[in-house]
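Comments concern the structure below.
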Amino acid sequence: MRHPTRQIHVGPLPIGGDAPVAVQSMCNTSPEDPQGTLGQILQLAEAGCHLARVAFPTLACRPALEEICAASPLPVVADIHFDGRLALAAMEAGAAGIRLNPGNLRKLGLLGEIAREAASSGCAVRLGVNMGSLSPRAREAHGATARAMVESAREFLGVFEEAGCANLKVSLKASSIPLTLEANRLFRPLSPWPLHLGLTEAGTPAAGVVKSAIALGALLLEGIGDTIRVSLTAPPREEVQAAFRILDALGMRPGRPQLVSCPTCGRTRISLIPLAEKVEAEVDRLLAQGYRLPLGKIAIMGCEVNGPGEAADADLGIAGGAGRGLLFRQGKVLQSLPEAELFPAFQEELRRMALPPGKR
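In my numbering, the protein residues as written are 600 to 959.
Here's what the structure looks like:
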């Protein structure tokens with residue numbers, strides 16, 4: 600069970616409370632190129648992303664941000680650093696949310712004004728804390744530690760809570776997995792606000808996906824986390840795909856069956872890898888078309904060892920043999936077919952079980 604948090608809204612998107620875990624990514628286009636940025640946001644939306652973060656480094660970028668916010672299919676979060684005036688300008692430009700690291704603002708005196716404006720406008724605010732944005736008091740008292748991150752977050756939250764802000768969330772992120780885990784675990788029982796999870800500088804996909812899966816997966820399994828981002832040195836769409844794979848593995852992606860497939864071994868006598876890839880693509884295609892799949896698990900197994908016996912709980916599955924295989928459902932064999940006919944038969948059965956768009 601997830602830790603109970605106060606539900607907020609970033610634009611129309613609910614965060615926290617009983618809302619599903621939301622996936623966020625960040626555009627890597629120039630903040631002065633609204634059309635290029637909107638094109639990338641559209642790609643993120645098509646991949647299922649819920650929130651798009653956009654860099655807002657200078658006041659000169661405000662016209663572009665206004666255009667992006669007005670036309671974006673996703674709620675836009677303006678990414679603010681160093682200059683508090685940018686936070687005020689982003690809210691005026693129509694951003695659904697701002698991401699603010701108060702600890703790196705050059706003029707902390709502006710924080711109260713930002714808080715009052717956020718309270719007045721209803722703009723969502725994510726207060727971010729990492730090792731580069733600790734409050735001076737917390738760093739002096741606790742050093743570069745998880746406790747310092749937590750105390751920084753609580754100090755900054757106090758300013759916004761006092762101003763009456765109703766749309767707040769918090770992130771405590773580091774490039775260290777143990778430090779990120781400790782900070783979020785310490786913070787969670789101390790505050791009702793939703794938590795955004797991620798690792799800073801997670802790296803290239805090969806390493807970053809593994810590190811993010813460990814950190815985010817551990818916290819999500821403990822019921823901690825309301826939004827996530829897998830920060831990769833890669834195109835943003837890959838971040839979204841990785842985030843959804845983590846949620847899939849945890850069974851936390853509403854409306855999507857869990858797909859399991861065996862790793863293959865010397866007993867495998869069918870081409871299992873391309874078969875599993877075709878099944879995954881078919882599931883993606885149906886969901887993208889708006890179909891609902893009332894299945895908990897789909898299993899693609901290479902031999903009689905793993906299926907259908909070990910995968911008997913699968914709502915639909917394939918078990919391979921010598922050049923042929925079985926199509927089964929809940930452990931019951933539906934058909935025995937040559938290998939070439941397995942996927943078409945599976946595809947037909949999956950489409951028969953799918954619910955058309957709008958049908959419940």
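Even for Gly, the Cβ is constructed at its ideal location relative to N, Cα and C.
1. Quick test of the definition: if touching needs 3 or more C-beta pairs under 8 Å, does the region 884-894 touch the region 847-865?
2. Quick test of your reading: VAL653 and ILE667, contact by CB under 8 Å. State the CB separation rounded to the nearest angstrom.
3. What do you reckon, are the CB atoms on GLY638 and SER629 nearer than 8 Å?
4. Measure the beta-carbon distance from GLY696 to ARG725 and round it to whole angstroms, keeping in mind my assumption that it falls under 8 Å.
5. According to DSSP, simplified to helix, strand and coil, what is THR604?
6. What number of angstroms, rounded off, separates the C-alpha of PRO862 from the C-alpha of ALA875?
7. Closer than 7 Å by C-beta to PRO656: which residues in its own chain qualify, once you throw out the five before and the five after it? Chain order, please.
8. Excluding sequence positions up to five away, which residues of its chain have a Cβ less than 8 Å from the Cβ of ALA663?
9. Is LEU798 closer than 8 Å to LYS810 when the C-beta atoms are compared?
10. Do LEU687 and HIS649 have their C-beta atoms within less than 8 Å of each other?
11. Rounded to the nearest angstrom, what separates GLU781 and ALA745 at their Cα positions?
12. The beta strand (DSSP E) spanning LEU915 covers which residue range?
13. Please determine, among ILE897, PRO834 and LEU936, the residue with the shortest C-alpha to C-alpha distance to ILE869.
14. Just how far apart, CA to CA, sit PHE942 and ALA953?
15. At what residues does the beta strand (DSSP E) containing ALA677 begin and finish?
16. List the DSSP bridge partners of GLN857.
17. Taking the Cβ atom as the reference point for each residue, do ASN766 and GLY731 lie within a distance shorter than 8 Å?
18. Counting Cβ pairs, one atom from each stretch, are 3 or more of them under 8 Å apart for the region 603-611 and the region 777-794?
19. Could you pull the start and end residues of the alpha helix (DSSP H) that LEU685 belongs to?
20. State the beta-bridge partners of THR826 as determined by DSSP.
21. Is the distance from the Cβ of LEU709 to the Cβ of GLY693 below 8 Å?
22. Residues bridged to PRO937 by DSSP?
Quick look at the numbers:
1. Yes: the two stretches touch, three or more of their Cβ pairs being nearer than 8 Å.
2. As a first step, residue 653 must be located in the sequence shown, where it is residue number 54. As a first step, residue 667 must be located in the sequence shown, where it is residue number 68. Indeed they touch by this definition, with Cβ atoms about 6 Å apart.
3. Taking the first residue of the sequence shown as position 1, residue 638 is located at position 39. Taking the first residue of the sequence shown as position 1, residue 629 is located at position 30. Taking 8 Å as the cut-off, the beta carbon of GLY638 is found no closer than this to the beta carbon of SER629.
4. Reading the sequence shown from its first residue, position 97 is the one you call residue 696. Reading the sequence shown from its first residue, position 126 is the one you call residue 725. Rounded, the Cβ-Cβ distance is 6 Å, consistent with contact.
5. The residue you call residue 604 lines up with position 5 of the sequence shown. THR604: coil per DSSP, three-state reduction.
6. Along the sequence shown, read from residue 1 onward, the residue named residue 862 stands at position 263. Along the sequence shown, read from residue 1 onward, the residue named residue 875 stands at position 276. So the alpha carbons of these two residues sit roughly 10 Å apart.
7. Indexing the sequence shown from 1 puts residue 656 at position 57. So the list reads PRO630, once near-sequence residues are dropped.
8. Sequence index remark: in the sequence shown, residue 663 carries index 64 (1-based). Same-chain partners within the cutoff: PRO630, GLU631, ASP632, PRO633 and THR636.
9. By one-based count along the sequence shown, residue 810 stands at place 211. By one-based count along the sequence shown, residue 798 stands at place 199. Yes, they are a contact pair.
10. Here the question's residue 687 lines up with position 88 in the sequence shown. Here the question's residue 649 lines up with position 50 in the sequence shown. Taking 8 Å as the Cβ cut-off, LEU687 and HIS649 do not qualify as a contacting pair.
11. On the sequence shown, residue 781 is found 182 positions in, with the first residue counted as 1. On the sequence shown, residue 745 is found 146 positions in, with the first residue counted as 1. So the two alpha carbons sit approximately 6 Å from each other.
12. Position 316 of the sequence shown, counted from the first residue, corresponds to residue 915. LEU915 -> beta strand (DSSP E) spans 915-919.
13. Position 270 of the sequence shown holds residue 869. Closest option to ILE869, judged by alpha-carbon separation, among ILE897, PRO834 and LEU936: LEU936.
14. For the purposes of this step, residue 942 is taken as residue 343 along the sequence shown, with counting starting at 1. For the purposes of this step, residue 953 is taken as residue 354 along the sequence shown, with counting starting at 1. For the pair PHE942 and ALA953, the Cα-to-Cα distance works out to about 16 Å.
15. Translated into the one-based positions of the sequence shown, residue 677 becomes position 78. Its beta strand (DSSP E) spans residues 675-679.
16. Position 258 of the sequence shown, counted from the start, is the residue given in the question as residue 857. LYS896, per the DSSP bridge assignment.
17. Your numbering for residue 766 matches position 167 in the sequence shown. Your numbering for residue 731 matches position 132 in the sequence shown. 8 Å or more divides the Cβ of ASN766 from the Cβ of GLY731.
18. Short answer: they touch.
19. The sequence position of residue 685 within the sequence shown is 86, counting from 1. DSSP places LEU685 in the uninterrupted alpha helix (DSSP H) bounded by 683-691.
20. The sequence position of residue 826 within the sequence shown is 227, counting from 1. Checking the DSSP bridge columns, you'll see THR826 partnered with ALA621 and HIS795.
21. Along the sequence shown, read from residue 1 onward, the residue named residue 709 stands at position 110. Along the sequence shown, read from residue 1 onward, the residue named residue 693 stands at position 94. No, the Cβ-Cβ distance between LEU709 and GLY693 is not below 8 Å.
22. Looking up residue 937 in the sequence shown gives position 338. DSSP, once it has assigned bridges, lists ARG923 as partnering PRO937.
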